[in-house]
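Numbering of the sequence shown is given in our numbering, commencing with residue 9 and proceeding in unit increments. We put the beta carbon where it would ideally sit given N, CA and C, even for glycine. Computed from a prediction, not measured in an experiment: that's the story for all the values here. Contents: one structure, followed by commentary.
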Amino acid sequence: MALKCDLQYGRGDVGYKLTRVGVRGVRKPVLVSREGIDGTLNNALNCSIDIFVDLPAEQKGSHMSRNVEVLNEVVEESVKSPITSLEDMAADICRRLLVHHEYAKTADVHISAEYFRSSKTPLGKDTFEMFTLMAGGHIERDGPITKMIGVKATGMTACPCAQQTVTEMLEYSGDMPVMSHNQRNVCTLEVTMPENISVEADELIDIVQDSFSSPTYELLKRPDEGQVVINAHRNTKFVEDVVRGVLERFVERYSDLPDDVAVDVISNSEESIHKHDAFAERVATLGELRAENA
């Protein structure tokens, strides 16, 4: 039986435009195949996907089922032909959303996924560690698409201030680093860029990992555990140092990217001797970062 009317196309009780309307937390498996640091990578990722369009003031509701229909199309296609990256998938969904939502002027997509990759402990034992991948896309009708690739990693920082204080209190002058208090540091790096530019997520993970006092590991036997502690206390970091370390490494690694590529780096240290966290962030374009270090 045909419906007499489509309520979404009616006029709402109050005429305000809405910036984003859609669905959040849609879970889908996505197969990604791309050239990584160690060759071709094939990953089946369990993704959580948010999909939005804007809604004009004169329209009561958005056709949210169309968002899921577009997503299903892309996921089914990825089974037959794996996508090259989550950020390219996000950009593709954005483009299709404006076809299905003829009333919308913008579309936004955000994707997050658990990502496992092989690693080695400080003493060379094989391990498998988890990270979070983030991707996104944004489009304006008759305008360009921007996409985002991001990573989240958990590491360790050791406080340089406390270490200096303890060293002075003990009047210590030996070669081994003295004690300090530690933090679990969660650092995210997001890169927003034009659609024709690509950045490898594994390289972003390496940049973040190298900016901690030490990486952390799911399983450590005693010799490796001790080595992690020694390494961290030989490489003390403030929460600010982590952000600046990521920025420095990113600028050095991607000297070929254009100035309008933007980065957002967040470092959050979960304190061990305080009841609060320490936080630092920088949002900037590559052009701004290059100018600061010119």
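By DSSP's criteria, residue 223 is part of a beta bridge. Which residues make up the other side? 163
Under a three-way DSSP split, which group does residue 77 fall into? Helix at residue 77.
Is the CB-CB distance between residue 65 and residue 30 below 8 Å? no
Count the other CB atoms, across all protein chains shown, that sit within 10 Å of the CB of residue 123; report buried if there are 16 or more and exposed otherwise. buried
Which class does residue 202 belong to by DSSP, given the choice of helix, strand or coil? Residue 202 sits in a strand when the DSSP states are folded into three classes.
Just to confirm, are residue 143 and residue 95 a CB contact at a threshold of 8 Å? yes
Report all residues from its chain with a CB closer than 7 Å to the CB of residue 28; omit the five preceding and five following residues, and keep chain order. 60, 62, 116
With which residues is residue 92 paired in a DSSP beta bridge? According to DSSP, which records beta bridges pairwise, residue 92 is partnered with nothing at all.
For residue 227, which of 135, 106, 240, 283 has the nearest alpha-carbon? When each option's Cα is compared against that of residue 227, the closest is 135.
Looking at the unbroken beta strand (DSSP E) that takes in residue 177, where does it start and where does it end? Element bounds for residue 177: not the beta strand (DSSP E) but the alpha helix (DSSP H), 168-178.
Straight-line Cα distance separating residue 67 from residue 138: 43 Å
Strand pairing of residue 155, partner residues [DSSP]: 145, 201
Checking 8 Å against the spacing of the C-beta atoms, do residue 275 and residue 236 come in under that value? no
Work out the CA separation of residue 256 and residue 121 for me, nearest whole Å. In a straight line, the C-alpha of residue 121 is about 26 Å away from that of residue 256.
Count the C-beta pairs between the stretch 215-232 and the stretch 125-134 that are closer than 8 Å, then say yes if the count reaches three, no if not. yes
Hey, residue 240 and residue 222: beta-carbon distance below 8 Å or not? yes
Proximity below 8 Å, CB of residue 298 to CB of residue 264: no
Taking DSSP as the reference, what is the three-state secondary structure of residue 193? strand
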